[in-house]
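One structure is given here, and the rest of the page talks about it.
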Amino acid sequence: MPESADYLNALIMRTVQETNILPVSSACNVSCVFCSHHQNPPGVLAYRMPPRSVAEILDLAQWLDPQQTVVIGESATRIIEGEPLLHPEIAAILTVLRRRMPHTPLQITTNGSLLTAEIGRLLDSVRPVTVYLSLNSSDLENRRLLMRDPEPARALRGLGLLGAAGIPFEGSIVAMPELTGWEDLRQTIADLARAGTRMVRVFTPGFTRLAPDNLRFSVDFAQKLAAYLNQECRNLGVPVVLEPPLLTDLTPEVRGVISGSPGHTAGIRATDVIRRVNGCEPYSRVDAHQQLLQAQSPEVLLLRGGAEKTISLDKRTGLSAGLVFDYDFDPHQAEALKHSIRRGVGQGLVVTGTLAGALMARVLEQDIEEGHCRVLPIENRFFGGSIGCAGLLVVDDMLDALKQDRSANPNKVKRVLLPQKAFDYRGLDLTGRHYREIADALDLEVRLL
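Position one of the sequence shown corresponds to residue 288 (the numbering used here), numbered consecutively onward.
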């Protein structure tokens, strides 16, 4: 079992090198009812780390890419990330980090409970910095209910502090209308908009088979949430993004436009579809975003209400156009996936989670029609509940589903392509089992994508 200090240090190092995330501490000062770590089944390999010393953090910082945003307070591996502002030496960490990388954008995710005037001055001194504020509710009692925050008013004062100081921030909400009511969701988005947030991310909460009844929701909750956001929250003056998005296509439709951005100045609106950027047709929403980001004053052909319209954007290369898109598929990843499918012999089976099944089928539409592959969405039986993402699949989930598929489609599949994100750098899933177990059990070629 991968529990040694060497393994944890290697995991932390890979987090820094591969994602530009700088782990600080697993310590947290709230206890959110929707926190995934409360519902993990026995056997899940997730790791807490004490606050790293300034020397340790700065040693890791040498592996950061200064050309990319440095992220603090997020997790992309099995290392549990806590509240970064709780670190006793956060001021020294941020100050020295800024001295080492004078122009690198910083992104700090916080629950807002420690956003004091002193922290505000610290953030102001290390610009450029963007705060990702996990507010969840702007109602004091509802925030206390959702986050077990003993001083919910502090986060609301912090919200005003960020806005008054002109520190860029984005808000996030884990939608729990069964506990707080639908109106609380709309009001929280409106309050974030009034405070000056650039955008709001609304997360569909996930629950496992071990969740109590009051934290479970209906199978169509995500659809209800998406409909509510579209109907009741579209005109609150701020882009609102649902995560994970409910996507079945790659159409580069604009979800929203950040106020004061080049896109806003040029008159681009939510629901506009980007047809071409400087004459180049985007493959997906991600591709449209990337093309716009890299372009210098691009000419944009868009579709609005069935009519095409050409707009010029006044922006520099590398400056965001301010258009907000749902995240779908990176064109380079799509090409790598297709190349991997086509270079093998016989039909390949592409494994994914249930949430991404329809979108993956759209990405591989031509290869499916030509018989090169099939897509197999697999249920997360180990975690159970509403969990449906590929990154939380375990070997047992995949092996059971692949055996059932083989029984239904004997002798058809020659290769299986598994999601890389379900495994760590050693090839181990969240329970410590290696993906090669699947290859051995089925006597098939198995690769990670």
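Even for Gly, the Cβ is constructed at its ideal location relative to N, Cα and C.
Determine the DSSP secondary structure at P289, reduced to helix, strand or coil. Taking the first residue of the sequence shown as 1, we reach residue 289 at position 2. The predicted model places P289 with a pLDDT of 46, which falls under 50 and marks its position as unreliable, so this point remains unresolved.
Does the separation of the CB atoms of L427 and L401 fall below 7 angstroms? What you label residue 427 is simply residue 140 of the sequence shown in a count that begins at 1. What you label residue 401 is simply residue 114 of the sequence shown in a count that begins at 1. No, the Cβ-Cβ distance between L427 and L401 is not below 7 angstroms.
Going by other Cβ atoms of all chains shown within 10 Å of its Cβ, with 16 needed for buried, is E657 buried or exposed? On the sequence shown, position 370 is the one that residue 657 refers to. Exposed, since its Cβ has fewer than 16 Cβ neighbours within 10 Å.
Hey, P328 and V311 are a contact pair by Cβ (cut 8 angstroms); roughly how many whole angstroms apart? Mapped onto the sequence shown, residue 328 falls at position 41. Mapped onto the sequence shown, residue 311 falls at position 24. Contact between P328 and V311 does not hold, since their C-beta atoms are separated by about 27 angstroms, which reaches or exceeds 8 angstroms.
Which listed residue (S694, L651, M685) has its alpha carbon closest to that of Q707: Translated into positions along the sequence shown, residue 707 becomes position 420. Among S694, L651, M685, the Cα nearest to that of Q707 belongs to M685.
Output the residue ranges of the beta strand (DSSP E) runs that lie fully inside the segment 536–567 and measure 3 residues or longer, sorted by chain position. Counting only runs of 3 or more, we get 560–564.
Express the C-alpha separation of V611 and G493 in angstroms, rounding to a whole number. Position 206 of the sequence shown, counted from the start, is the residue given in the question as residue 493. Position 324 of the sequence shown, counted from the start, is the residue given in the question as residue 611. Cα-Cα distance, rounded: 24 angstroms.
Cβ separation of Q578 and P569, assumed to be a contact under 8 angstroms, to the nearest whole Å: Taking the first residue of the sequence shown as 1, we reach residue 578 at position 291. Taking the first residue of the sequence shown as 1, we reach residue 569 at position 282. Going by Cβ atoms, the distance from Q578 to P569 rounds to 6 angstroms, so yes, they are a contact pair.
By Cβ distance, which residues of its chain are closer than 7 angstroms to G330, with the 5 residues on each side in sequence left out? Sequence index remark: in the sequence shown, residue 330 carries index 43 (1-based). The residues are T718.
Using 10 angstroms around the beta-carbon of D727, count the other beta-carbons present and answer buried if the total reaches 16, otherwise exposed. As a working mapping, residue 727 is identified with position 440 in the sequence shown. Exposed, by the Cβ-count rule.
Per DSSP, what are the beta-bridge partners of F670 in this structure? Start at 1 with the first residue of the sequence shown, and residue 670 comes out as number 383. Bridge partners of F670: none, in fact.
First through last residue of the alpha helix (DSSP H) which encompasses Y515: Taking the sequence shown and counting its residues from 1, one reaches residue 515 at position 228. Element bounds for Y515: 508–519.
Work out the CA separation of L446 and R556 for me, nearest whole Å. In the sequence shown, the residue the question calls residue 556 occupies position 269. In the sequence shown, the residue the question calls residue 446 occupies position 159. Spanning the two alpha carbons is a distance of roughly 27 angstroms.
Using a threshold of 7 angstroms, state whether the C-beta atoms of E666 and T641 are closer than that. Along the sequence shown, read from residue 1 onward, the residue named residue 666 stands at position 379. Along the sequence shown, read from residue 1 onward, the residue named residue 641 stands at position 354. Yes. Within cutoff.
Contacts around T552, its chain only, beta-carbon distance under 8 angstroms, and the 5 residues preceding and following it disregarded: For the purposes of this step, residue 552 is taken as the residue at position 265 of the sequence shown. Around T552: D601.
Inter-stretch contact at 8 angstroms, needing at least 3 Cβ pairs: the segment 443–463 / the segment 479–497: yes
Can you tell me the Cα-Cα spacing of V564 and V541, whole angstroms? On the sequence shown, residue 564 is found 277 positions in, with the first residue counted as 1. On the sequence shown, residue 541 is found 254 positions in, with the first residue counted as 1. The straight-line gap from Cα to Cα measures roughly 14 angstroms.
Can you list, in chain order, the stretches of the alpha helix (DSSP H) that have 4 or more residues and sit fully within the segment 345–398? 377–387
Report the CB separation of P234 from M388 in whole angstroms; it is logged as a contact under 8 angstroms. The chain is shown from 288 up to 736; residue 234 falls before or after that span and cannot be answered.
Could you give the distance in angstroms between the alpha-carbon of A442 and the alpha-carbon of M434? Start at 1 with the first residue of the sequence shown, and residue 442 comes out as number 155. Start at 1 with the first residue of the sequence shown, and residue 434 comes out as number 147. Roughly 11 angstroms between the two C-alpha positions.
Between the CA atoms of S323 and I674 - distance to the nearest angstrom: As a first step, residue 674 is located in the sequence shown; it is residue number 387 there, counting from the start. As a first step, residue 323 is located in the sequence shown; it is residue number 36 there, counting from the start. C-alpha separation (whole angstroms): 10 angstroms.
Residues of its chain near T283, where Cβ-Cβ distance is below 8 angstroms and the 5 sequence neighbours each way are ignored: Any question about residue 283 goes unanswered here, given that the chain covers just 288 to 736.
Using DSSP's beta-bridge definition, name the partner residues of E732. Locating residue 732 in the sequence shown gives position 445, where the first residue counts as 1. Its beta-bridge partners are R702.
Would you mind listing the alpha helix (DSSP H) stretches within the segment 450–510 that are 4+ residues and don't spill past its ends, in chain order? 464–467, 469–482
Just curious, the beta strand (DSSP E) that S627 is in, first and last residue? Translated into positions along the sequence shown, residue 627 becomes position 340. No beta strand (DSSP E) holds S627; the alpha helix (DSSP H) holding it covers 618–629.
Suppose only complete runs of 3+ residues qualify. What are the beta strand (DSSP E) ranges in the segment 402–447, listed by chain order? 416–421
Can you give the Cα-Cα distance for Y722 and N398, rounded to whole angstroms? Sequence index remark: in the sequence shown, residue 722 carries index 435 (1-based). Sequence index remark: in the sequence shown, residue 398 carries index 111 (1-based). Each residue's Cα considered, the two are about 36 angstroms apart.
What separation, rounded to the nearest whole angstrom, lies between the Cα atoms of A695 and P499? Indexing the sequence shown from 1 puts residue 695 at position 408. Indexing the sequence shown from 1 puts residue 499 at position 212. Their Cα atoms are separated by approximately 36 angstroms.
Between which residues of its own chain and D735 is the CB-CB distance below 6 angstroms, once the five residues before and five after are set aside? As a first step, residue 735 is located in the sequence shown; it is residue number 448 there, counting from the start. Residue identity differs from the one stated: residue 735 is Leu in this sequence, not Asp. L705, Q707, listed in sequence order.
Report the rounded CA-to-CA distance for A623 versus L448, giving the unit in angstroms. Mapped onto the sequence shown, residue 623 falls at position 336. Mapped onto the sequence shown, residue 448 falls at position 161. Rounded to the nearest angstrom, the two C-alpha atoms are 45 angstroms apart.
Assuming the contact rule is C-beta atoms closer than 8 angstroms, L534 and D478 should be a hit. Round their C-beta distance to whole Å, please. As a first step, residue 534 must be located in the sequence shown, where it is residue number 247. As a first step, residue 478 must be located in the sequence shown, where it is residue number 191. Incorrect: roughly 28 angstroms between the Cβ atoms, too far for contact.
Kindly indicate which three-state DSSP category T639 falls into: helix, strand or coil? Counted from its first residue, the sequence shown places residue 639 at position 352. Strand.
If I measure Cβ to Cβ from A333 and keep anything under 6 angstroms in the same chain, skipping five residues before and after, which residues do I get? Here residue 333 refers to the residue found at position 46 when the sequence shown is read from its first residue. So the list reads R365, I367, once near-sequence residues are dropped.
How big is the Cα-Cα spacing for M288 and A677? In the sequence shown, the residue the question calls residue 288 occupies position 1. In the sequence shown, the residue the question calls residue 677 occupies position 390. Model confidence at M288 stands at a pLDDT of 43, short of 50, so the residue's coordinates are unreliable; what they give is reported in the following sentence. Distance between the alpha carbons of M288 and A677: 22 angstroms.
Any idea which residues DSSP pairs V662 with across the strands? For the purposes of this step, residue 662 is taken as residue 375 along the sequence shown, with counting starting at 1. DSSP output for V662 lists V637 as bridge partner(s).
Please classify P437: is it buried, with 16 or more other beta-carbons within 10 angstroms of its beta-carbon, or exposed? Counted from its first residue, the sequence shown places residue 437 at position 150. By the 10 Å Cβ count, P437 comes out exposed.
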